Amino acid sequence: MKDRNRTPKQYPRLTHPLVRGADGELHRATWEEALDAAARGFAATTGAHGPDAFGMFSCARSTNEMNYVAQKFTRVVIGTNNVDSCNRTCHAPSVAGLSAVFGSGGGTSSYAEVEETDLIVMWGSNARFAHPIFFQHVLKGIRNGARMFAVDPRRTGTAEWADRWLGLDVGTDIPLAHAVGREIIHAGLANTAFIERATSGYEEYAAAVEPWTPAAAEQVTGVPAAAIRELAHAYATAERAQLCWTLGITEHHNATDNVRALINLALLTGHVGRHGSGLQPLRGQNNVQGGGDMGAIPNRLPGFQDILEPAVRERFETAWDVVIQPRYGLNLTEMLDGIERGTLKAVYCIGENPAQSEADNEHTVQRLRALDHLVVQDIFLTKTALLADVVLPASAAWCETEGTTTNSERRVQRVRKAVRPPGEARDDIDILCELARRLGHDWKYGEAEEVWDELRAVSPDHRGMSYARLEEHQGIQWPCPSEDRLEPTYLHGRLWEADPERRGPRAAFGPVLHSPPVDLLDDDYPLRLTTGRRLDSYNTGVQSSSFASPLRRGENIELSPEDAAAYGVAHGEEVRVTSRRGSVVAPVWIDEGLRPGLAFMTLHFPDEVDTNQLTIEATCPIAGTAEYKAAAVRIDKLADRQAVPSWT
Ligand SMILES: Nc1nc2c(c(=O)[nH]1)N[C@H]1C(S)=C(S)[C@@H](COP(=O)(O)OP(=O)(O)OC[C@H]3O[C@@H](n4cnc5c(=O)[nH]c(N)nc54)[C@H](O)[C@@H]3O)O[C@H]1N2
Ligand SMILES: Nc1nc2c(c(=O)[nH]1)N[C@H]1C(S)=C(S)[C@@H](COP(=O)(O)OP(=O)(O)OC[C@H]3O[C@@H](n4cnc5c(=O)[nH]c(N)nc54)[C@H](O)[C@@H]3O)O[C@H]1N2
Ligand SMILES: [Mo]
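Position one of the sequence shown corresponds to residue 0 (numbering that gives the first Met the number 0), numbered consecutively onward.
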């Protein structure tokens, strides 16, 4: 095994703009030259092909204020709704599923409620590694007497803390959830009063789950029938229960259906809309919730207001003095498809690294190369930046700018400028305003607070959150419609109202069907590869690779002891891992938390082992999220490969 403490890649911090010259190389440029080149390229492409030839990838690490300005730039300066962010690669299915049922895409509970609940279900979530702050609340909950179930193909660090671990096969969450639902119904534990009062579609749901007896589900999921029954009884009889999920549910080709399958369980038992009972999709990047709330998504205007609603459009058309296209824009996945079709020609990529983070990323790189104009605005020189025509150096939102971010309990909090950005790096909002000015819009925001107050005027959910109040309350959760009070910290309490008028629309069960992973296992590709995170690194490694860490061990292909023995490979031995899309070499790590047939890799070290060469682009048709969690691979010993004659 290589040195565990090494630094795999030093990403240089961007300190001055770069522009691609006639020689095809990126060269240092002045801000004037770079901004002129960036604006000229956008004007030329949209002039020739119309505003829908433009796409904005907005930054989920940056502030709410920046995301507000980025989507406004897209809609007002360019005139398209093609704006999205990395929410597409993770929780877009949670937002789609929750919006379809409750009309709002936010998680329904607060972190503190996890401390006061009786049962915590962590479904497809490794919060101990990926949401360590939330996990502190989980640990307090456990200390206060809550039981915990973990549902994950791997016995993760999170599962180690659980009372029960249900180790299911990848992509079998719907059979498992349906079997839990069926057991609740058959044991007479469904909350019939809540179902009758607040939900619709129960009969279809009950029919959909009926075939999934615990025994039938055991066959498909690998989870013993007794464990399925135990989860069903624990969830249905708990006084209060939190159902938390993350990418184990959402990074699948049928992810929105997976989300619906979990929401069904809350509707069946009434574990939603009450203090201590709720649904928590733990969001990924620090401000991915806020990015969506600010309208940096193709179907919503700021305040998560639907573009298709004429009254909503009118409000923004008056505020911004512009005509808003009355249709949804393209999401990130569709924008990448648009490049291939030749309809999307220019991309403004702020704080995303799609060249390494997209599934089947070799394909993404080809697409980015095909653009007429690519502008990347980042804090580091990423692989995506290396493909750009213009690279703009930004300040880092988390310590070099003022503003707010929103976490996954919907809490808006202030972030502050603690240090000056290096070299000539500039605030993301300043850069957007400079480009807007060059494209004929005289924008100037003095302080981040000015942007925030503009947002508050158009978003009812944020109206009561002045900076002063955010400070006073150490962050406020939305909805916060007025400055004189705070709302309950959980959502959808209306479902419990006795008065049908106040109760509002019913929450609909989703009678979804099981659909196994797209990348099939066969003799050539017999191993199921799932990918995800470790505590020591962050996403594509751009922000976490540049310092040495005693925790970090670089990329591995993690295998069960049984598979390692069957393939005759040793801990630390380098092997070739091949899928139907690509091939990489990585050292083996034997992990007793893996079941036979399952392998695991991260996305953290793409410069040394590019995991996303292996993953499949199959996407959820509703949310556009790729099936990062289920590739089919094989492993070959390098020695065997070397023995192959050179003419093959
Ligand atoms: N340390 C660290 N923290 C992070 C990040 C990071 O890179 N590093 N990234 C942030 C981001 S952007 C996000 S979106 C979150 C993600 O946070 P998580 O979703 O918790 O992280 P993952 O490790 O991607 O996946 C979670 C679990 O899904 C399981 N899983 C795989 N397939 C299935 C399946 O078919 N069914 C079920 N039930 N489970 C399955 C995996 O075994 C894994 O343990 O983390 C955020 N926090
Ligand atoms: N195999 C596999 N692949 C995955 C996943 C998986 O589970 N498995 N998960 C997917 C998920 S959930 C996600 S969210 C994506 C992440 O995909 P990306 O968002 O593409 O990856 P990051 O590494 O987080 O890149 C973020 C970029 O933002 C820049 N940045 C940080 N702060 C700022 C700022 O303030 N301003 C500007 N302008 N830039 C800034 C960083 O330098 C970095 O280049 O990866 C996806 N890819
Ligand atoms: Mo994410």
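All C-beta atoms in this analysis are idealised placements derived from N, C-alpha and C, irrespective of residue type, glycine included.
Please read all numbers here as calculations on a predicted model, not as lab measurements.
Let's test the definition: count the other Cβ atoms within 10 Å of the Cβ of P152 and tell me whether it reaches 16, buried, or not, exposed. buried
Can you tell me whether DSSP reads L597 as helix, strand or coil? strand
Indicate the three-state DSSP secondary structure (helix, strand or coil) for V643 in the structure shown. Low local confidence applies: a pLDDT of 41 at V643 is under 50, so the model's placement there is unreliable, with the coordinate-based value given in what follows. V643 falls in the coil class under three-state DSSP.
Cβ pair A447, T62 closer than 8 Å: yes
Cβ-based burial, A310 [other Cβ within 10 Å; buried from 16]: exposed
In terms of residues, what are the limits of the alpha helix (DSSP H) holding A254? 254-268
Beta-carbon proximity list for T171, same chain, < 6 Å, skipping 5 on both sides: V219, T220
List in chain order the residues whose CB is within less than 5 Å of at least one heavy atom of ligand 3. C89, G283
Helix, strand or coil at Y466 [DSSP, three-state]: helix
Tell me whether Q675 is buried or exposed, calling it buried when 16 or more other Cβ atoms sit within 10 Å of its Cβ. The requested residue 675 is not part of the displayed model; the chain covers only 0 to 647.
Is I248 near ligand 1, with its Cβ less than 7 Å from a heavy atom? yes
Just confirm the distance between the C-beta atoms of L597 and V169, as a whole number of angstroms; I'd bet it's less than 8 Å. 7 Å
Have a look at the DSSP bridge pairing and note the partners of D635. R575
Return the chain-ordered list of same chain residues with a C-beta closer than 8 Å to the C-beta of R273, the five sequence neighbours on each side being excluded. R239, Y489, G492, W495
Determine the DSSP secondary structure at Y347, reduced to helix, strand or coil. strand
L188 and L175 look like a contact to me (Cβ under 8 Å); what is the Cβ gap, rounded to whole Å? Their Cβ separation, rounded to whole angstroms, is 17 Å, which puts L188 and L175 out of contact at 8 Å.
My parser needs the alpha helix (DSSP H) runs of 4 or more residues fully inside the segment 75-113; what are they? 91-101
Three-state secondary structure assigned by DSSP to F133: helix
If we ignore side chains and look at the alpha-carbon of each, how far apart do W244 and T14 end up? 39 Å
Length of the line joining the Cα atoms of I248 and P620: 15 Å
Three-state class that DSSP yields for I556 in the structure shown: strand
Run the proximity test for H177: is its beta-carbon closer than 7 Å to any non-hydrogen atom belonging to ligand 1? no
Does the beta carbon of R580 fall short of 7 Å from some heavy atom of ligand 2? no
6 Å Cβ shell around A638 - same chain, five flanking residues per side excluded: none
Would you check if there are 3 or more beta carbon pairs closer than 8 Å linking the segment 310-326 to the segment 335-343? no
Using beta-carbon positions only, say whether T405 and Q288 come within less than 8 Å of one another. yes
When every heavy atom of ligand 1 is checked, does at least one fall within less than 7 Å of the C-beta of F134? no
In this structure, how does DSSP classify C398 when only helix, strand and coil are distinguished? helix
Roughly how many whole angstroms lie between the Cα atoms of F303 and R282? 16 Å
With A329 and N143 assumed to form a contact (beta carbons below 8 Å), what rounded beta-carbon distance in angstroms separates them? Inspection of the sequence shows that residue 329 is occupied by Leu rather than by Ala. Going by Cβ atoms, the distance from L329 to N143 rounds to 46 Å, so no, they are not a contact pair.
Proximity test, Cβ basis, 8 Å: I615 and chain C: Annotation note: the requested chain C is absent from the structure, which comprises a single protein chain.
Closest Cα partner of L261 within the set S93, S536, N611: S93
Since C243 sits in a beta bridge, which residues does DSSP pair it with? M121, Q279
Cβ-based neighbour list, D452, same chain, cut-off 6 Å, excluding 5 preceding and 5 following: none
P605 Cβ short of 7 Å to ligand 1 heavy atom set: no
Who are the Cβ neighbours of P504 in its own chain at under 8 Å, not counting the five residues just before and after it? G102
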